[in-house]
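Undergrad: Numbering (the UniProt record's numbering), first residue to last: 1 to 419.
#1: Please determine if the region 113–125 and the region 218–225 are in contact, where contact requires at least 3 C-beta pairs separated by less than 8 Å.
#2: With a threshold of 16 other CB atoms inside 10 Å of the CB of residue 285, please say whether the residue is buried or exposed.
#3: Over what stretch of residues does the beta strand (DSSP E) that includes residue 400 continue unbroken?
#4: For residue 292 and residue 226, I'd like the C-alpha separation in whole angstroms.
#5: Apart from the five residues on each side of it in sequence, which residues of its chain come closer than 6 Å, Cβ to Cβ, to residue 367?
#6: In the DSSP output, which residue or residues are listed as bridge partners for residue 383?
#7: Count the CB pairs spanning the region 294–313 and the region 358–377 that are closer than 8 Å, and state whether there are at least three.
#8: With 16 other CB atoms within 10 Å as the buried threshold, where does residue 69 fall?
#9: Which of the three DSSP states is assigned to residue 312 in this structure?
#10: Quick one: Cα of residue 340 to Cα of residue 374, how far?
#11: At the level of alpha carbons, what is the spacing between residue 58 and residue 36?
#12: Indicate the three-state DSSP secondary structure (helix, strand or coil) for residue 156 in the structure shown.
#13: Nearest-angstrom Cα distance between residue 50 and residue 81?
#14: Any idea what DSSP makes of residue 102, helix, strand or coil?
#15: Whole angstroms are fine: how far does the CA of residue 289 sit from the CA of residue 394?
#16: Are there 16 or more other CB atoms within 10 angstroms of the CB of residue 101, so buried, or fewer, so exposed?
#17: What separation, rounded to the nearest whole angstrom, lies between the Cα atoms of residue 46 and residue 72?
#18: Report the option in 240, 178, 87 and 160 whose CA atom is closest to the CA atom of residue 399.
#19: Starting from the C-beta of residue 308, find all residues in its chain whose C-beta is less than 7 Å away, skip the five residues before and the five after it, and write them out in chain order.
#20: Could you check whether the Cβ of residue 70 sits closer than 8 Å to any Cβ belonging to chain B?
#21: Output the distance between the C-alpha atoms of residue 169 and residue 157, rounded to the nearest integer angstrom.
#22: Note the first and the last residue of the continuous alpha helix (DSSP H) segment covering residue 215.
#23: Tell me which residue opens and which closes the alpha helix (DSSP H) that residue 225 is part of.
#24: With DSSP as the reference, label residue 299 as helix, strand or coil.
#25: Would the beta-carbon of residue 236 fall within 8 Å of that of residue 376?
#26: Identify which residue in 388, 94, 234 and 95 has its Cα closest to the Cα of residue 369.
#27: Taking the alpha-carbon of residue 151 as reference, which of 383, 212, 130 and 33 has the nearest alpha-carbon?
#28: For residue 82, name the three-state secondary structure that DSSP assigns.
#29: Can you have a look at residue 414 and say buried or exposed, based on whether 16 or more other CB atoms are within 10 angstroms of its CB?
#30: Are the beta-carbon atoms of residue 38 and residue 54 separated by less than 8 Å?
#31: Taking the straight line between their C-alpha atoms, what separation do you get for residue 87 and residue 99?
#32: Considering only DSSP beta bridges, list what residue 343 is partnered with.
#33: So, under 8 Å CB-CB, residue 148 and residue 210 are touching, yes? Tell me the CB distance rounded to an integer number of Å.
#34: Under DSSP, the alpha helix (DSSP H) around residue 423 begins and ends at which residues?
#35: For residue 327, which residues in the same chain have their Cβ closer than 7 Å to its Cβ, ignoring the five residues on either side in sequence?
#36: Could you pull out every residue in the same chain whose Cβ sits closer than 7 Å to the Cβ of residue 177, ignoring the five residues on either side in sequence?
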């Protein structure tokens with residue numbers, strides 16, 4: 001650019017003098033003069049974005065991009081267009097984020113309403129159970145009260161009858177005593193015999209447990225109801241996370257233990273909100289919580305699904321959109337593919353299940369301290385495969401199914417609490 005400035009300096013005699021009627025190449029150059037050199041500002045520096053005279057261009061702007069003012073206008077417009085293009089891209093990015101935020105807000109409203117309805121239904125089931133349990137226990141109390149009252153009334157009636165009979169005999173004996181005067185000694189033995197017989201036969205029997213069994217009705221009442229409530233409160237050791245589902249996959253909000261594959265691509269707000277690299281291309285889903293210590297076990301129903309994968313995944317594997325399931329990729333899984341049960345190692349290993357058998361339930365046993373993931377046929381307790389690994393981070397239960405309409409489900413477990 002210094003050569004260009006020198007050329008401008010060498011041709012200074014060709015530039016019009018002040019007061020002449022020459023036409024300047026640009027309005028920018030004809031409007032002002034350089035205060036330092038008293039020369040027309042016929043040039044323009046694109047680096048500093050300021051007009052220059054030929055001396056400024058040769059001195060302080062020797063290494064800058066200096067053009068004639070007319071040419072500079074064109075270059076400035078091009079640079080502005082380039083800048084505007086970058087701004088357009090940013091605006092598009094802002095619009096995408098705004099759209100994602102609106103989608104998230106709409107999704108939150110829908111999910112909030114749906115979750116509220118399901119939560120109310122679940123609590124209504126508990127309330128209904130408590131109402132029915134309360135009614136049943138109050139009914140049992142009323143039945144016992146009525147039974148005790150009936151037996152007491154029957155006993156009172158019998159006692160009244162006996163007492164009436166005894167009173168009649170007493171009055172009869174007293175009349176005989178008054179009617180017979182002083183009598184003779186021979187008259188008294190028979191009278192003594194009758195009195196003794198009446199007294200012996202008139203002993204009242206006490207009622208067995210005449211009072212309400214309060215302890216039976218109130219003893220550990222809340223604990224007993226809670227124990228019974230477990231029948232209507234299923235527990236699944238793994239809860240699925242609908243927000244962590246891949247494309248064409250989903251989990252019912254009302255049944256977060258079941259994972260299904262949709263017929264077409266999954267379009268939801270999560271896809272707009274999540275970053276593309278976090279959207280797994282396969283229909284898969286993760287558990288809501290991972291495990292980093294202890295021993296954990298869950299059964300998975302694979303049913304009639306003709307292609308599935310179950311196991312555990314490390315967080316590092318979840319950030320990779322496309323990868324083959326293997327321990328090297330942070331996935332310890334077995335699965336069914338092309339009619340063959342496989343342990344997803346490198347290379348894969350065929351599982352000895354038998355040609356005539358079909359796995360319906362797979363049990364996953366995760367021992368983090370022992371460093372093992374064991375798969376078992378839950379119907380026969382036959383071992384299928386065991387991975388060994390030293391787990392340095394939490395792992396998440398992992399589920400994948402690839403047949404439209406198919407899916408897998410985590411089985412409920414019976415809760416056992418010992419005191």
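The beta carbon of each residue, even a glycine, is placed where N, CA and C say it ideally should be.
On a predicted model such as this, the values are computed, not experimentally measured, just so you know.
TA: The answer reads as follows:
#1: They do not touch, by the three-pair rule.
#2: Mapped onto the chain shown, residue 285 falls at position 285. Classification for residue 285: buried.
#3: The residue you call residue 400 lines up with position 400 of the chain shown. Segment 396–401, the beta strand (DSSP E) holding residue 400.
#4: Mapped onto the chain shown, residue 292 falls at position 292. Mapped onto the chain shown, residue 226 falls at position 226. If I take the Cα positions, the gap works out to 30 Å.
#5: Taking the first residue of the chain shown as position 1, residue 367 is located at position 367. 295.
#6: Indexing the chain shown from 1 puts residue 383 at position 383. DSSP output for residue 383 lists 376 as bridge partner(s).
#7: yes
#8: The residue given as residue 69 occupies position 69 in the chain shown. Burial is judged here by how many other beta carbons sit within 10 angstroms of a residue's own beta carbon; residue 69 has at least 16 and is buried.
#9: Locating residue 312 in the chain shown gives position 312, where the first residue counts as 1. Of the three classes helix, strand and coil, the one that applies to residue 312 here is strand, per DSSP.
#10: Translated into positions along the chain shown, residue 340 becomes position 340. Translated into positions along the chain shown, residue 374 becomes position 374. The straight-line gap from Cα to Cα measures roughly 19 Å.
#11: As a first step, residue 58 must be located in the chain shown, where it is residue number 58. As a first step, residue 36 must be located in the chain shown, where it is residue number 36. Spanning the two alpha carbons is a distance of roughly 13 Å.
#12: Here residue 156 refers to the residue found at position 156 of the chain shown. Helix.
#13: On the chain shown, residue 50 is found 50 positions in, with the first residue counted as 1. On the chain shown, residue 81 is found 81 positions in, with the first residue counted as 1. Spanning the two alpha carbons is a distance of roughly 19 Å.
#14: On the chain shown, residue 102 is found 102 positions in, with the first residue counted as 1. In the structure shown, residue 102 sits in a helix (DSSP, three-state: H, G or I).
#15: Position 394 of the chain shown, counting from 1, holds the residue named residue 394. Position 289 of the chain shown, counting from 1, holds the residue named residue 289. Approximately 9 Å between the Cα atoms of the pair.
#16: To locate residue 101, count along the chain shown from 1; it is residue 101. Label assigned to residue 101: exposed.
#17: As a position in the chain shown, residue 46 is number 46, starting the count at 1. As a position in the chain shown, residue 72 is number 72, starting the count at 1. So the two alpha carbons sit approximately 7 Å from each other.
#18: One-based indexing of the chain shown puts residue 399 at position 399. The shortest C-alpha separation from residue 399 is found at 240.
#19: Looking up residue 308 in the chain shown gives position 308. Same-chain partners within the cutoff: 302, 335, 336, 400, 401 and 408.
#20: Among the chains of the structure shown, chain B does not appear; only one protein chain is present.
#21: Within the chain shown, the letter at position 169 stands for residue 169. Within the chain shown, the letter at position 157 stands for residue 157. Straight-line Cα distance between these residues: approximately 18 Å.
#22: The residue given as residue 215 occupies position 215 in the chain shown. From DSSP, the alpha helix (DSSP H) with residue 215 extends over 214–218.
#23: Here residue 225 refers to the residue found at position 225 when the chain shown is read from its first residue. Where residue 225 is concerned, the enclosing alpha helix (DSSP H) stretches over 221–229.
#24: In the chain shown, counting from the first residue as 1, residue 299 sits at position 299. Three-state DSSP puts residue 299 in a strand.
#25: Position 236 of the chain shown, counting from 1, holds the residue named residue 236. Position 376 of the chain shown, counting from 1, holds the residue named residue 376. At the C-beta level, residue 236 and residue 376 stay beyond 8 Å of one another.
#26: As a position in the chain shown, residue 369 is number 369, starting the count at 1. The shortest Cα separation from residue 369 among 388, 94, 234 and 95 belongs to 388.
#27: Here residue 151 corresponds to residue number 151 of the chain shown, with the count starting at 1. Checked all of 383, 212, 130 and 33; the closest Cα to residue 151 is 212.
#28: The residue labelled residue 82 in the question sits at position 82 within the chain shown. Note: residue 82 maps to helix in three-state DSSP.
#29: One-based indexing of the chain shown puts residue 414 at position 414. It counts as exposed.
#30: Along the chain shown, read from residue 1 onward, the residue named residue 38 stands at position 38. Along the chain shown, read from residue 1 onward, the residue named residue 54 stands at position 54. Not a contact, by the Cβ cut-off of 8 Å.
#31: Sequence index remark: in the chain shown, residue 87 carries index 87 (1-based). Sequence index remark: in the chain shown, residue 99 carries index 99 (1-based). Going by the C-alpha atoms only, they are around 18 Å apart.
#32: Looking up residue 343 in the chain shown gives position 343. Beta-bridge pairing links residue 343 to 334 and 349.
#33: Here residue 148 refers to the residue found at position 148 of the chain shown. Here residue 210 refers to the residue found at position 210 of the chain shown. Right, their Cβ atoms sit about 7 Å apart.
#34: As displayed, the chain neither begins before 1 nor continues past 419, which places residue 423 out of reach and without an answer.
#35: Walking along the chain shown from the start, residue 327 turns up at place 327. These residues qualify, in order along the chain: 345, 387 and 389.
#36: Stepping through the chain shown from its first residue, residue 177 is reached at position 177. Result list for residue 177: empty, nothing under 7 Å.
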